[in-house]
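Remarks on the structure that follows.
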Amino acid sequence: GNQLTETKLFEAEQALNSGAENIVLTINISAAKSGAFEWIKIEIARFAKWLHDKDKMLSVYLPSTYLSIKEIEKLCALCIAAGADNLIVPFAPYKLAGVETVKNIVGESLGVSLWRNETNEKIFNEVVKLGIDEIILDKA
């Protein structure tokens, strides 16, 4: 997420040329932590317009495990206002409140995907209760 917007756009263009239907934009955690929310909103809006003009979707990766609840609230609102289609949030069992906050803020305005490198039935049931739209398992 720390690359220049132009670098991210170049990489996204390469992905689209290779057949991608959905681009994931990672929020710059340093910008979020330093309070540069307007810059983040402009980057998301630029990507959203560019992708929507191509009939593609924008997912925004929100590194919620590194953010306070207030930062999560602010970034969710920015994603909605800037035109993102979906939020992807990492999930750690001890951070369920962050995932719940994301879903409560965005409601039906955005899809919410949960990224996890493992799961079990208890965790799965907990996130299903939250109304998460998709669980992405990383089996790397």
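Adding 1385 to a residue's 1-based position in the sequence shown gives its number in my numbering.
Each residue gets a CB set at the ideal place from its N, CA and C atoms; glycine is no exception.
- Uninterrupted beta strand (DSSP E) stretches at least 3 residues long and entirely within the segment 1416-1475 occur at 1442-1446 and 1471-1475, given in chain order.
- Comparing C-alpha distances from K1441 to each of L1460, N1471 and L1447 shows the shortest one belongs to N1471.
- A1462 and I1412 have their C-alpha atoms spaced approximately 13 Å apart.
- Between A1469 and L1443 the beta-carbon gap is near 5 Å, inside 8 Å, which marks them as a contact.
- Short of 7 Å from the beta carbon of G1516, and not among the five residues preceding or following it, lie these beta carbons of its own chain, in chain order: K1488.
- Under DSSP, E1519 forms a beta bridge with S1498.
- By a beta-carbon distance limit of 8 Å, V1484 does not contact V1513. Their separation comes to about 12 Å.
- Spanning the alpha carbons of T1390 and D1518 requires a straight line of approximately 28 Å.
- Beta-bridge annotation (DSSP): T1411 is paired with Y1446.
- When the Cα atoms are used, C1464 and S1449 turn out to be separated by approximately 14 Å.
- Scanning its chain for C-beta atoms nearer than 7 Å, with the 5 sequence neighbours on each side dropped, one finds around V1491 the residues C1461, I1465, L1472 and V1497, in chain order.
- Of the candidates S1415, E1458 and I1429, I1429 places its Cα closest to the Cα of A1397.
- Of all alpha-carbon atoms in A1467, L1452, E1458 and K1418, the one lying nearest the alpha-carbon of K1434 is that of A1467.
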